[in-house]
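Numbering (the working numbering), first residue to last: 4 to 127. Just so it is clear, CB atoms sit at the ideal spot from N, CA and C, and this is done for glycine as well. As the structure is a prediction and not an experimental result, all values here were calculated from the model.
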């Protein structure tokens with residue numbers, strides 16, 4: 004799986020003005036899930052399925068937020084959650100963390116992870 008932001012994506016793949024189509028094409032090309040980060044995060048699976056988070060906070064555009072996202076995904080996979088579901092869950096967790104308060108340093112999110120995960124579990 005890859006988790007590029009716009010600049011990284013453009014260095015690796017052909018890109019146009021249509022982020023969704025670009026992400027789907029790239030995912031199919033490499034047969035891997037791509038999480039194209041941004042204020043409209045696009046997750047594309049090799050089978051063509053797409054999920055879009057159009058509610059991402061600008062507070063995620065900071066150093067370390069991609070590391071936090073990968074850590075969340077890895078932690079969920081380590082708990083035996085399937086990768087595709089782990090990616091979606093991690094994006095939802097990070098989104099809820101960023102909308103909970105206007106954090107500007109990734110370390111500010113860490114203390115809130117347990118309560119956000121509980122909230123998501125309770126709302127399912």
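Excluding the 5 residues flanking residue i on each side, which residues of the same chain have their C-beta closer than 6 Å to its C-beta?
i           : result
residue 34  : 49
residue 42  : 59
residue 125 : none
State the CB to CB distance for the pair residue i and residue j, rounded to an integer number of angstroms; the pair is presumed to be in contact (CB under 8 Å).
i          : j          : result
residue 90 : residue 44 : Residue 90 to residue 44, Cβ: 10 Å. No contact.
Suppose the cutoff is 7 Å on Cβ atoms and the five residues either side in sequence are ignored; what does the same chain contact list for residue i look like?
i          : result
residue 93 : 72, 75, 76 and 79
residue 19 : 25
Count the other C-beta atoms from every protein chain shown that fall within 10 angstroms of the C-beta of residue i, then say buried if there are 16 or more, exposed otherwise.
i           : result
residue 81  : exposed
residue 113 : exposed
residue 96  : buried
For a test of the three-state rule: what should DSSP assign to residue i, helix, strand or coil?
i           : result
residue 125 : helix
residue 28  : helix
residue 119 : helix
residue 109 : coil
residue 98  : helix
residue 190 : This structure does not reach residue 190, given that the chain is present from 4 up to 127, and the question cannot be answered.
Take residue i as the anchor and find which of the options has the nearest alpha-carbon.
i           : options             : result
residue 29  : 65, 41, 114 and 15  : 15
residue 100 : 21, 12, 32 and 59   : 59
residue 56  : 70, 67, 66 and 40   : 40
residue 66  : 109, 96, 115 and 17 : 109
residue 6   : 117, 69 and 103     : 69
residue 38  : 83, 84 and 88       : 88
Could you name the residues of the same chain whose beta carbon sits closer than 8 Å to that of residue i, not counting the 5 residues immediately before and after it, in chain order?
i           : result
residue 122 : 99
residue 27  : 47, 51 and 53
residue 86  : 4, 36, 76 and 80
Report yes or no: is there a C-beta of chain C within less than 7 Å of the C-beta of residue i?
i          : result
residue 47 : Checking the listed chains, one finds no chain C in this structure; it contains a single protein chain.
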